[in-house]
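Participant: Okay, here's the structure, questions in a sec.
Residue numbers (the UniProt record's numbering): 1 to 89.
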């Protein structure tokens, strides 16, 4: 599974993108479950939360992205975003 997170917005409005490939990872089943849960709570169209907040587009294996934004992130969205941004490329 290839998970891509794109973060935009914030005070500077800069975009940051990170991709995590779960192939061969021992924690892949956990990440897959987390991704399914996170995407299940995403909107299908961009969701612009609060001014200067971050907006996220999450996609799996080049499918259409799900959208979410601060401060309305679910726990699974927060966890997935943090994981992909920290360990992805």
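The beta-carbon is built from N, C-alpha and C at its ideal position, and this holds for glycine as well.
Here the structure is a predicted model, which is why all the values come from computation and not from measurement.
If we count the other Cβ atoms within 10 Å of its Cβ and call it buried at 16 or more, is residue 66 buried or exposed?
Facilitator: Classification for residue 66: buried.
Participant: Quick check: the segment 27-34 against the segment 4-15, are at least 3 beta-carbon pairs closer than 8 Å?
Facilitator: No, because fewer than three Cβ pairs between the segment 4-15 and the segment 27-34 fall closer than 8 Å, the two stretches do not touch.
Participant: Alpha carbons only, please: which of 47, 52 and 51 is nearest the one belonging to residue 58?
Facilitator: Ranking the options by Cα distance to residue 58, first place goes to 47.
Participant: Measure the alpha-carbon distance for residue 89 versus residue 7 and round it to whole angstroms.
Facilitator: Each residue's Cα considered, the two are about 14 Å apart.
Participant: Since I believe residue 19 is in contact with residue 92 (beta carbons under 8 Å), could you give me their beta-carbon distance rounded to a whole number of angstroms?
Facilitator: It is not possible to answer for residue 92, since the shown part of the chain is limited to 1 through 89.
Participant: Please report the straight-line C-alpha distance between residue 71 and residue 53, rounded to a whole angstrom.
Facilitator: Those two C-alpha atoms are separated by around 7 Å.
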